[in-house]
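A.B. asks: Below is a structure I'd like to ask you about.
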Amino acid sequence: MALFKVKRLVVVCLLEAVKTTLEHLGTRRLSLEHEGSAVPPDLTRTYSEVRRLRDFLLRCISVREEEIELDMADADQRLLVACCRRFVEVTEVSLASLESVATDEVTLLRKKREIVAEWALELATEPLIELPLHSLSLAQTQSSRALFARLQQKVKAEREQAKPPEQTTAPENAQVPNANSGAEATGVAVSPVGHQVGDVGTPPPPQNAATSLVDCNRVQDPRLRSVITQDLASYACCLETGDYRMAEVLLACLMESALLDHVLPRRTQLGLSGPPETWNLKPLLIRVMGQGYNSRDRTLVGNLFAARTLLRPAEQMVTPVPVTLDSFESLRDLVQRVMADLRYTEDSCATVHASRDARAKDPAAQ
Numbered sequence: 004m005a006l007f008k009v010k011r012l013v014v015v016c017l018l019e020a021v022k023t024t025l026e027h028l029g030t031r032r033l034s035l036e037h038e039g040s041a042v043p044p045d046l047t048r049t050y051s052e053v054r055r056l057r058d059f060l061l062r063c064i065s066v067r068e069e070e071i072e073l074d075m076a077d078a079d080q081r082l083l084v085a086c087c088r089r090f091v092e093v094t095e096v097s098l099a100s101l102e103s104v105a106t107d108e109v110t111l112l113r114k115k116r117e118i119v120a121e122w123a124l125e126l127a128t129e130p131l132i133e134l135p136l137h138s139l140s141l142a143q144t145q146s147s148r149a150l151f152a153r154l155q156q157k158v159k160a161e162r163e164q165a166k167p168p169e170q171t172t173a174p175e176n177a178q179v180p181n182a183n184s185g186a187e188a189t190g191v192a193v194s195p196v197g198h199q200v201g202d203v204g205t206p207p208p209p210q211n212a213a214t215s216l217v218d219c220n221r222v223q224d225p226r227l228r229s230v231i232t233q234d235l236a237s238y239a240c241c242l243e244t245g246d247y248r249m250a251e252v253l254l255a256c257l258m259e260s261a262l263l264d265h266v267l268p269r270r271t272q273l274g275l276s277g278p279p280e281t282w283n284l285k286p287l288l289i290r291v292m293g294q295g296y297n298s299r300d301r302t303l304v305g306n307l308f309a310a311r312t313l314l315r316p317a318e319q320m321v322t323p324v325p326v327t328l329d330s331f332e333s334l335r336d337l338v339q340r341v342m343a344d345l346r347y348t349e350d351s352c353a354t355v356h357a358s359r360d361a362r363a364k365d366p367a368a369q
């Protein structure tokens, strides 16, 4: 069982997704009966389960409160995600026929699609189920394809994070080299990649990249400071060339470095043990972020740390994840706000949090 506290507007959109799916299931069943074909048992079973899910959401929405608690079984949660996927596909087909018309209906459909898609990501758990329905178009729509890829990326990342870390043991008499052992005498810190801090071979990051994401002078650990300096330079080059895929990967690297620098002095307070490479970064960042971030922000954290799969061709062959300007900007906005909260940027918190406050005034963004 899982308990979610969501806004009333979100429940309305989820209910519409379930109703739409129920209508399609009913139409499919009637079509088979008129053709004289046997109705598959899974179609009848799914229709019954979706109808029960619709009744549950109707009872939830009958409560006159702005925030509603959804207490769902895991099976109902997975079924609701499948209904959300169907609704995104239906909405995309409808928008395709109205794309040349700039009306309030188009704006409303887009907001509904965004809300349903974001909550599909929030609710997604393994395994993702498929409805016994045919696709509405010969080729899967772009939004449906992107949503399915993000869902697969999320459940796979959670599956990998749930695995226990591999324990590596070294011989008792073996000496572990210290990266800074030779540097202590000279007072120069050496980075894990072999560059010295201030090395002339490392280009300094552009000023706009440093001020918008992280101020290197505020990073305490010299090794992490060197890594961030190099990553910022690469990040600026990616932005200049419009390579948002690599820019998204580097965002994850920058966030990981800043998070490690923040928690290393507090590892005892946070109950962390073992080397940093064994820490589960996603829940750690969510814990550090605190209560000032909504469920959408927490979903973006999962997408951020799953960005490393973009560098795995074997995974992209099976579950390709498209990176768009919108998805990149969502992650960049999150990183900017977290960096401001952790005091790694010169930008004021009020400025960085302006976009989040704007979204808070818009119910469709929650």
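Each residue of the sequence shown is one higher than the last, beginning at 4 in this note's numbering. For glycine and all other residues, C-beta sits at the position ideal for the given N, C-alpha and C.
When the Cα of residue 232 is compared with those of 241, 219 and 244, which residue comes out closest?
C.D. replies: With distances taken between Cα atoms, residue 232 lies closest to 219.
A.B. asks: Would you call the segment 153-161 in contact with the segment 63-72, where contact means no fewer than 3 C-beta pairs closer than 8 Å?
C.D. replies: Taking 8 Å as the limit for Cβ pairs, the verdict is that the segment 63-72 does not touch the segment 153-161.
A.B. asks: Between residue 348 and residue 145, what straight-line distance do the alpha-carbon atoms span, to the nearest angstrom?
C.D. replies: Roughly 36 Å between the two C-alpha positions.
A.B. asks: Once DSSP output is grouped into helix, strand and coil, what is the label at residue 71?
C.D. replies: In the structure shown, residue 71 sits in a strand (DSSP, three-state: E or B).
A.B. asks: Ordered along the chain, which non-local residues of its own chain (more than five positions away) have a Cβ less than 7 Å from that of residue 139?
C.D. replies: So the qualifying residues of the chain are 92, 93 and 96.
A.B. asks: Using a 10 Å radius around the Cβ and a threshold of 16 neighbouring Cβ atoms, would you call residue 107 buried or exposed?
C.D. replies: So residue 107 ends up on the exposed side.
A.B. asks: According to DSSP, is residue 9 helix, strand or coil?
C.D. replies: Residue state, collapsed to three classes: strand.
A.B. asks: Taking one C-beta from the segment 267-278 and one from the segment 333-349 each time, how about it: are there three or more such pairs within less than 8 Å?
C.D. replies: No contact exists between the segment 267-278 and the segment 333-349.
A.B. asks: By how many angstroms is the C-alpha of residue 250 removed from the C-alpha of residue 266?
C.D. replies: Cα to Cα, residue 266 sits roughly 24 Å from residue 250.
A.B. asks: Quick check on DSSP: helix, strand or coil for residue 132?
C.D. replies: Note: residue 132 maps to coil in three-state DSSP.
A.B. asks: Is residue 37 helix, strand or coil when you go by DSSP?
C.D. replies: Correct three-state label for residue 37: helix.
A.B. asks: Determine whether the beta carbon atoms of residue 72 and residue 6 lie at a separation below 8 Å.
C.D. replies: It is a contact, given that the beta carbons lie within the stated cut-off.
A.B. asks: Please give me, in chain order, every unbroken run of the alpha helix (DSSP H) with length at least 4 that falls completely inside the segment 213-285.
C.D. replies: With a minimum length of 4 residues, the continuous alpha helix (DSSP H) runs that stay inside the segment 213-285 are 225-244 and 247-266.
A.B. asks: Helix, strand or coil for residue 158 per DSSP?
C.D. replies: Three-state DSSP puts residue 158 in a helix.
A.B. asks: Quick one: Cα of residue 239 to Cα of residue 261, how far?
C.D. replies: Distance between the alpha carbons of residue 239 and residue 261: 17 Å.
A.B. asks: Could you work out which residue in 86, 29 and 43 is closest to residue 131 when comparing CA atoms only?
C.D. replies: With distances taken between Cα atoms, residue 131 lies closest to 86.
A.B. asks: Looking only at its own chain, which residues have a Cβ that is under 7 Å from the Cβ of residue 164, when we skip the five neighbours before and after it?
C.D. replies: Excluding sequence neighbours, residue 164 sits near 283 and 285.
A.B. asks: Measure from the C-beta of residue 222 to each C-beta in chain C and report whether the shortest distance is under 8 Å.
C.D. replies: Annotation note: the requested chain C is absent from the structure, which comprises a single protein chain.
A.B. asks: At the level of alpha carbons, what is the spacing between residue 222 and residue 252?
C.D. replies: The alpha-carbon atoms of residue 222 and residue 252 are separated by roughly 20 Å.
A.B. asks: Kindly give me the distance between the Cβ atoms of residue 375 and residue 21, rounded to whole angstroms, as I take these residues to be in contact under 8 Å.
C.D. replies: Shown here, the chain extends from 4 to 369; a query on residue 375 therefore has no answer.
A.B. asks: Considering only the alpha carbon of each residue, which of 99, 110, 242 and 319 lies closest to residue 384?
C.D. replies: In the structure displayed, the chain extends from 4 to 369; residue 384 sits before or after that span and is not available.
A.B. asks: Below 7 Å CB to CB, which residues in the same chain sit around residue 325 once its five sequence neighbours on both sides are set aside?
C.D. replies: Once the five neighbours on either side are set aside, the close Cβ partners of residue 325 are 149 and 152.
A.B. asks: Pick from 162, 15 and 321: whose alpha carbon is nearest that of residue 118?
C.D. replies: The shortest Cα separation from residue 118 among 162, 15 and 321 belongs to 15.
A.B. asks: Do residue 136 and residue 64 have their C-beta atoms closer together than 8 Å?
C.D. replies: Against a cut-off of 8 Å, the Cβ pair of residue 64 and residue 136 comes out as no contact.
A.B. asks: When you compare only the Cα positions, how much space is there between residue 301 and residue 36?
C.D. replies: Roughly 45 Å separates the two Cα atoms.
A.B. asks: Going by alpha carbons, who is nearest to residue 134 out of 26, 235 and 101?
C.D. replies: Out of 26, 235 and 101, 26 has the C-alpha closest to the C-alpha of residue 134.
A.B. asks: Tell me the residue span of the alpha helix (DSSP H) that contains residue 293.
C.D. replies: It is not in any alpha helix (DSSP H) - residue 293 carries neither H nor E in the DSSP assignment.
A.B. asks: So which of 78, 123, 101 and 76 has the shortest CA-CA distance to residue 90?
C.D. replies: When only C-alpha atoms are compared, the closest one is 123.
A.B. asks: If we ignore side chains and look at the alpha-carbon of each, how far apart do residue 331 and residue 245 end up?
C.D. replies: Whole-angstrom Cα-Cα distance: 11 Å.
A.B. asks: Around the Cβ of residue 75, are there at least 16 other Cβ atoms within 10 angstroms (buried) or fewer (exposed)?
C.D. replies: With 16 or more other Cβ atoms within 10 Å, it is buried.
A.B. asks: Specify, as a first and last residue, the run of the alpha helix (DSSP H) that residue 49 falls within.
C.D. replies: From DSSP, the alpha helix (DSSP H) with residue 49 extends over 44-64.
A.B. asks: In chain order, what residues of the same chain have a beta carbon less than 8 Å from the beta carbon of residue 50, not counting five sequence neighbours either side?
C.D. replies: The residues are 25, 28, 29 and 32.
A.B. asks: If we ignore side chains and look at the alpha-carbon of each, how far apart do residue 100 and residue 147 end up?
C.D. replies: The straight-line gap from Cα to Cα measures roughly 16 Å.
A.B. asks: Let me know if residue 38 comes out buried or exposed under the rule of 16 or more other beta-carbons within 10 Å of its beta-carbon.
C.D. replies: Its Cβ having fewer than 16 others within 10 Å, residue 38 is exposed.
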